[in-house]
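Report on the structure given below.
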Amino acid sequence: MHILVCVKQVPDTKNAKLDPVTHTLDRRSTTAITNPDDTHAVEEAVRLKKRYGGTVSVLTMGPPQAVATMRHCVQLGADRGFMISDRAFAGADTLATSYALSQAIEKIAREYEPIDLVITGKMTIDGDTGQVGPGIARRLDIPPLTGILKVEEIDVEKKKIRVHRKIEGGYEILESTLPALITVDKSINKVSRASLPNMIRAARYQPVIWSVNDLEGIDRNQLGLKGSPTVVGRIFPPPKPTGGKKLEGPVENQVKELTEILLQRPEWIKKRA
Amino acid sequence: MEEKKRQRELEKQRIQELLAQYRGVWVFIEAKGSKVEPVSLELLGAGRTLADKLGVELAGILIGDQVEGLAPTLFAYGADLVYVVDAPIYHHYRTEPFMKAFLHVAEKYKPEIVLFGATTNGKDLASAVATDLKTGLTADTTILDINVEERLLEASRPAFGGNIMATILCKTNRPQMATVRPKVMKALEPDYSRQGRIIREEVDVKEEEIHTKIIDIILESNKKANLEEADIIVAGGKGLGDEKGFQLVHQLAEVLGAGVGATRDVVEAGWISHPHQIGQTGITVTPKIYIAIGISGAVQHIVGMQNSGMIIAINKDPNAPIFDVATYGIVGDAFEIVPKLIEELKTRLYGVVQHA
Ligand SMILES: Cc1cc2nc3c(=O)[nH]c(=O)nc-3n(C[C@H](O)[C@H](O)[C@H](O)COP(=O)(O)OP(=O)(O)OC[C@H]3O[C@@H](n4cnc5c(N)ncnc54)[C@H](O)[C@@H]3O)c2cc1C
Ligand SMILES: Cc1cc2nc3c(=O)[nH]c(=O)nc-3n(C[C@H](O)[C@H](O)[C@H](O)COP(=O)(O)OP(=O)(O)OC[C@H]3O[C@@H](n4cnc5c(N)ncnc54)[C@H](O)[C@@H]3O)c2cc1C
């Protein structure tokens, strides 16, 4: 089985600082990390490889420093990494991103081995759209299975996969033919610690790096800014709601006042029997 | 030079003519059984405003098995017409058949704007169809506006953990598509005397062509915190110190028959489970009353509760940002105030005699 995982290097928004004037991300203040959902995607691929055999490839589109993310994936147990890196990809929205990635996936399938399963994270912590996974699936014309909580079983012979997909209020058990694409929820697994051999291998690992010229037959009009129908028109701080009244006086009075406020509409209170 | 300029003009004209073929505002209607999802009704409300400003019709697109009966509800909530694709193959939501049905209708009638609820299935479908229509899709919109001259949808969404808002535009492609967060738009007051047109469409999809099958659906209603339905929510934050301190929230909620909410920091500390988390990475709630205790009011939390009817904040720091959204604020120690509040409420509600 050949599993391909898409991973993105993202700024760590948890520690990100914003420029108070321009309200844009101050990139110097952030460290780049592997998108959290994607580490779970790699982990799941490695677990499936343990169960069913095969190869785990990882693919990223990003600037040269994304090599660090490729190495991180090797630490997590990926067998090999591919990077597409070129100015031509810059400024891509999800339509252009899924196009570029799907072109690279087709090349990998052609030149290495056919792909049975594509795994992506459910969403990133920077762009945060969750649109790239289904986009890739449509480009490859394979079924998109989004928000997967569990891979129950794969039938390698019959090329079938059975998964649990999150829905509002529960989950559904879904069966699909392979090849398919799944996007995974963080809760699908716990990411294991890197083993020593993987860490050693990762330290020197060099992924295959392709520029736009290496992707034969690609349509440049569908890449980067040019291929992106969406544009960011304007950036502004979140609307600041205006506060109301602060209660004053001794605590006892405040508590009494608040009680009156809460009792204004008794029908909202569900009294215990 | 002249030649280049002329070509650019021609190209602009070509795009304008192409865009002019698209008219009307659509809302993808999600229905479960015989019930329309609240977000779809909210989007009809938002879509009505857009359609009126543009001077076009508002349509609902309804795909399902025996769903035509829902059309009057959609008219009541603002739709002028409803496209219905009704067949057993659409009994459960699956990407492939829904996508095929949607594409069929969209390619035939060419809407200029389509709104989807940012729900599990709404996002799934929108992402798939936008790719095939080769158009832009704005994710998780919380503010919708329109530039009437250019007929341009201005969809704004939180970015970088909610620290900024970005307005996303789709200038050269149609339809302009967006997924919209549940509970941020307002549904209209239903008017059941409103009438509309139904347009039925048959789409050629066969079960054999579909790659996925639903084997089972497992609902875990007991796992849900059911905060979506609560009239009152009492929520607690890190300011309560520890799991034991957080019991104050449960006690107050008990007296009021309220739901219990929490911040992400509280959930990560393990004081309560994730279904209770309110905010950007948790759930969005709109109770009549939201009581925030020991919650600082980070933007990621605010986005999940700011549309509550009344917000009451109890925090010992007078500068805590939660007071910026609170209808009533109490500056003080929760461990002093909340027990007193519980006693007062018990006395008033249950007639329990106060201890000396
Ligand atoms: C403020 C802001 C708002 C934006 N809003 C929108 C918007 O509304 N609509 C829109 O179309 N674009 C939007 N974009 C652009 C969008 O962020 C980029 O297209 C981005 O490259 C991919 O989207 P994402 O990060 O949301 O990915 P998601 O769809 O959230 O990612 C899902 C998964 O896809 C895979 N993946 C995503 N990107 C890559 C990659 N580069 N390499 C390998 N795998 C990857 C990963 O497995 C990831 O877990 C916005 C950008 C900014 C800065
Ligand atoms: C990408 C991203 C997503 C996030 N998603 C969410 C989300 O969905 N939901 C969410 O809630 N957060 C989310 N966060 C986290 C958010 O940024 C804040 O860290 C979090 O909301 C803070 O929780 P808190 O208010 O409980 O704690 P704190 O910020 O530590 O605030 C505690 C407050 O309690 C007050 N206090 C202390 N002692 C007392 C006392 N005795 N009596 C009264 N008041 C007291 C303090 O003055 C303080 O204001 C997210 C963050 C990121 C980066």
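As given, the protein sequences belong to chains S and B, one line each in that order.
Residues in the first sequence are numbered from 766 upward in steps of one, following our numbering.
Residues in the second sequence are numbered from 3 upward in steps of one, following our numbering.
The beta carbon of each residue, even a glycine, is placed where N, CA and C say it ideally should be.
Keep in mind that this is a model prediction, so the values were computed, not measured.
Cβ-heavy atom distance, residue i to ligand 1, below 7 Å
i, result
"I170 (chain B)", "yes"
"N986 (chain S)", "no"
"D891 (chain S)", "yes"
"C838 (chain S)", "no"
"Q361 (chain B)", "Examination of residue 361 (chain B) is not possible in this model, given that chain B is present from 3 through 358 alone."
Residue i: CB within 7 Å of a non-hydrogen atom of ligand 2
i, result
"R159 (chain B)", "no"
"D319 (chain B)", "yes"
"I316 (chain B)", "yes"
"Q279 (chain B)", "yes"
"T799 (chain S)", "no"
"S298 (chain B)", "yes"
"R183 (chain B)", "no"
"R96 (chain B)", "no"
"V268 (chain B)", "yes"
"D335 (chain B)", "yes"
"G62 (chain B)", "no"
"K951 (chain S)", "no"
CB contact below 8 Å: residue i versus chain C
i, result
"L351 (chain B)", "No chain C appears in the structure shown, which is made up of the protein chains S and B."
Inter-residue Cα distance where the pair is residue i and residue j
i, j, result
"A315 (chain B)", "F325 (chain B)", "6 Å"
"A141 (chain B)", "V897 (chain S)", "11 Å"
"I17 (chain B)", "E981 (chain S)", "29 Å"
"K225 (chain B)", "P277 (chain B)", "With a pLDDT of only 49 at K225 (chain B), under the threshold of 50, the placement of this residue in the model should not be trusted, and no figure is reported."
"V257 (chain B)", "P341 (chain B)", "11 Å"
"L866 (chain S)", "L72 (chain B)", "40 Å"
"E230 (chain B)", "L52 (chain B)", "27 Å"
"N978 (chain S)", "H106 (chain B)", "36 Å"
"G124 (chain B)", "R25 (chain B)", "22 Å"
"E191 (chain B)", "S42 (chain B)", "14 Å"
"A255 (chain B)", "K14 (chain B)", "60 Å"
"K1010 (chain S)", "G989 (chain S)", "49 Å"
Whole-number beta carbon distance between residue j and residue i, since they are thought to touch under 8 Å
i, j, result
"D267 (chain B)", "G239 (chain B)", "7 Å"
"A130 (chain B)", "P899 (chain S)", "5 Å"
"G856 (chain S)", "S993 (chain S)", "6 Å"
"Y79 (chain B)", "A189 (chain B)", "6 Å"
"L943 (chain S)", "L910 (chain S)", "Incorrect: roughly 11 Å between the Cβ atoms, too far for contact."
"L882 (chain S)", "M964 (chain S)", "In fact, because the Cβ distance is near 26 Å, the residues do not count as touching under 8 Å."
"G1014 (chain S)", "G331 (chain B)", "That belief does not hold up - the Cβ atoms of G1014 (chain S) and G331 (chain B) are roughly 13 Å apart, past 8 Å."
"K931 (chain S)", "T214 (chain B)", "K931 (chain S) to T214 (chain B), Cβ: 15 Å. No contact."
"A271 (chain B)", "A237 (chain B)", "Not a contact, Cβ separation roughly 14 Å."
"V772 (chain S)", "T834 (chain S)", "6 Å"
"R904 (chain S)", "S863 (chain S)", "6 Å"
"P908 (chain S)", "T97 (chain B)", "7 Å"
Local conformation of residue i per DSSP, three classes
i, result
"F100 (chain B)", "helix"
"L105 (chain B)", "helix"
"L117 (chain B)", "strand"
"H278 (chain B)", "helix"
"P74 (chain B)", "helix"
"P1031 (chain S)", "helix"
"I17 (chain B)", "helix"
"K848 (chain S)", "The sequence shown places Met at residue 848 (chain S), not Lys. In the structure shown, M848 (chain S) sits in a strand (DSSP, three-state: E or B)."
"T834 (chain S)", "helix"
"Y24 (chain B)", "coil"
"Q178 (chain B)", "strand"
"F162 (chain B)", "coil"
"I339 (chain B)", "helix"
"R202 (chain B)", "strand"
- When Cβ atoms are compared, which residues of the stretch 988-1008 of chain S fall closer than 8 Å to chain B? Under the 8 Å Cβ criterion, the stretch 988-1008 of chain S contributes S993, P994, T995, V996, V997, G998, R999, I1000, F1001, P1002, P1003, P1004, K1005, P1006, T1007, G1008.
- Residues from the stretch 874-897 of chain S in contact with chain B, defined by Cβ distance under 9 Å: M888, I890, D891, G892, D893, T894, G895, Q896, V897
- Chain-ordered residues of the stretch 159-190 of chain B with a beta carbon less than 8 Å from chain S: P160, A161, F162, G163, G164, N165, I166, M167, A168, T169, I170, L171, C172, K173, T174, N175
- Item | the stretch 199-216 of chain B: positions lying closer than 7 Å to chain S by Cβ | H213, T214, K215, I216
- Scan the stretch 287-300 of chain B for residues whose Cβ lies nearer than 9 Å to a Cβ of chain S and list them as they occur along the chain. Residues passing the 9 Å Cβ filter: P289, K290, I291, I293.
- Task: Can you give me, in chain order, the residues of the stretch 841-871 of chain S that have a beta carbon less than 8 Å from any beta carbon in chain B?
- Result: D858, T859, L860, S863
- Item | Against chain S: residues of the stretch 114-125 of chain B by CB proximity under 8 Å | T121, T122, N123, K125
- Query: In chain order, what residues of the stretch 934-951 of chain S put their CB closer than 8 Å to some CB of chain B?
  - Reply: G934, G935, Y936, E937, I938, L939, E940, S941, T942, A945
- Query: Relative to chain B, which residues along the stretch 901-922 of chain S have a C-beta separation below 9 Å, given in chain order?
  - Reply: Taking 9 Å as the Cβ-Cβ cut-off against chain B, the residues of the stretch 901-922 of chain S that qualify are I901, A902, R903, R904, I907, P908, P909, L910, T911, G912.
- Query: Using a Cβ cut-off of 8 Å, which residues of the stretch 129-144 of chain B contact any Cβ in chain S, in chain order?
  - Reply: S129, A130, A132, T133, D134, K136, T137, G138, L139, T140, A141, D142
- Task: Report the residues of the stretch 319-348 of chain B with a CB closer than 7 Å to any CB of chain S, ordered along the chain.
- Result: Among the residues of the stretch 319-348 of chain B, those with a Cβ less than 7 Å away from any Cβ of chain S are F325, D326, V327, A328, T329, Y330, G331, I332, V333, G334, E338, I339, K342, L343, E346, L347, in the order of the chain.
- Message: Tell me which residues of the stretch 54-66 of chain B have at least one Cβ-Cβ distance to chain S shorter than 9 Å, keeping chain order.
- Response: none
- Item | Proximal residues, the stretch 9-20 of chain B versus chain S, C-beta separation under 7 Å | none
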